[in-house]
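**Student:** Residue numbers (our numbering): 151 to 325.
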Ligand SMILES: Cc1cc2nc3c(=O)[nH]c(=O)nc-3n(C[C@H](O)[C@H](O)[C@H](O)COP(=O)(O)OP(=O)(O)OC[C@H]3O[C@@H](n4cnc5c(N)ncnc54)[C@H](O)[C@@H]3O)c2cc1C
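1. Suppose the cutoff is 7 Å on Cβ atoms and the five residues either side in sequence are ignored; what does the same chain contact list for residue 276 look like?
2. Is residue 183 helix, strand or coil when you go by DSSP?
3. In the DSSP assignment, find the unbroken alpha helix (DSSP H) run with residue 322 in it and report its ends.
4. Identify every run of the beta strand (DSSP E) within the region 175–222, keeping only runs that are complete inside it and at least 3 residues long; order them along the chain.
5. Would you kindly check if the distance between the Cβ of residue 204 and the Cβ of residue 280 is under 9 Å?
6. Excluding sequence positions up to five away, which residues of its chain have a Cβ less than 6 Å from the Cβ of residue 292?
7. Would a C-beta distance cut-off of 9 Å place residue 301 and residue 164 closer than the cut-off?
8. Which residue wins for smallest C-alpha separation from residue 323, given the options 187, 206, 195 and 235?
9. Could you name each continuous alpha helix (DSSP H) segment of 4 residues or more that falls completely within the region 224–298, going from the start of the chain to the end?
10. Compute the minimum distance between the beta carbon of residue 177 and the heavy atoms of ligand 1, and state whether it is under 8 Å.
11. What are the start and end residues of the beta strand (DSSP E) that includes residue 161?
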């Protein structure tokens, strides 16, 4: 029997625990894997991080939110020695008219220094930055890796210290 999509629980990669994460991005990957396997393949779905993104728009307001990995409570309950902080930055250099605020919460394990989760709340062009953090989590990298990796910069697109990287640098210093 084969099943894919919203009807399935999936492995959350950080804790190795089954969770319900009914999202189109998982359903599509799982459907493709089911198709391969029905025809004799042996592909496996590689799990989720809980990466999600949305936005709220009303007259004069544009707010984006995103998350990946564990929140503080989930990480603490999973036995990690949690350190976290919130940093407020911008989506572009200060003198660019398109700049909007971006608040980043970053969570890591003090013992291993592994990144555990990131959450973003901000204006236009803020939330999709979560994918950088998701890639770091997927690779089981540390907060130091995120703080020092080579990310792009030019004034219309980011600050010299990209917002997520700024949060990682500050958390790295604190730990
Ligand atoms: C409003 C909304 C917004 C969303 N936005 C996002 C988003 O931005 N990003 C994201 O990743 N996910 C999003 N999702 C979630 C995403 O749509 C689902 O996770 C995804 O569609 C699940 O795919 P699925 O194939 O498992 O189920 P479905 O897409 O629900 O497909 C199931 C199909 O089975 C059919 N069906 C049901 N019963 C029977 C039956 N007895 N016989 C035959 N056919 C049947 C249904 O009609 C349906 O066509 C959103 C969901 C909603 C409701």
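Glycine included, C-beta positions come from ideal geometry on N, C-alpha and C.
**Tutor:** In short:
1. Your numbering for residue 276 matches position 126 in the chain shown. Here the set comprises 214, 241, 250, 252 and 270.
2. Translated into positions along the chain shown, residue 183 becomes position 33. Helix.
3. Walking along the chain shown from the start, residue 322 turns up at place 172. Unbroken alpha helix (DSSP H) run through residue 322: 313–324.
4. 202–208 and 211–219
5. Locating residue 280 in the chain shown gives position 130, where the first residue counts as 1. Locating residue 204 in the chain shown gives position 54, where the first residue counts as 1. Cβ atoms of residue 280 and residue 204: not closer than 9 Å.
6. On the chain shown, residue 292 is found 142 positions in, with the first residue counted as 1. So the list reads 263 and 264, once near-sequence residues are dropped.
7. Counting from one through the chain shown, the residue named residue 301 turns up at place 151. Counting from one through the chain shown, the residue named residue 164 turns up at place 14. Taking 9 Å as the Cβ cut-off, residue 301 and residue 164 do not qualify as a contacting pair.
8. Taking the chain shown and counting its residues from 1, one reaches residue 323 at position 173. If we check each option's Cα against that of residue 323, 235 comes out closest.
9. 280–288 and 293–298
10. Counting from one through the chain shown, the residue named residue 177 turns up at place 27. Residue 177: yes, Cβ under 8 Å from ligand 1.
11. In the chain shown, the residue the question calls residue 161 occupies position 11. From DSSP, the beta strand (DSSP E) with residue 161 extends over 160–162.
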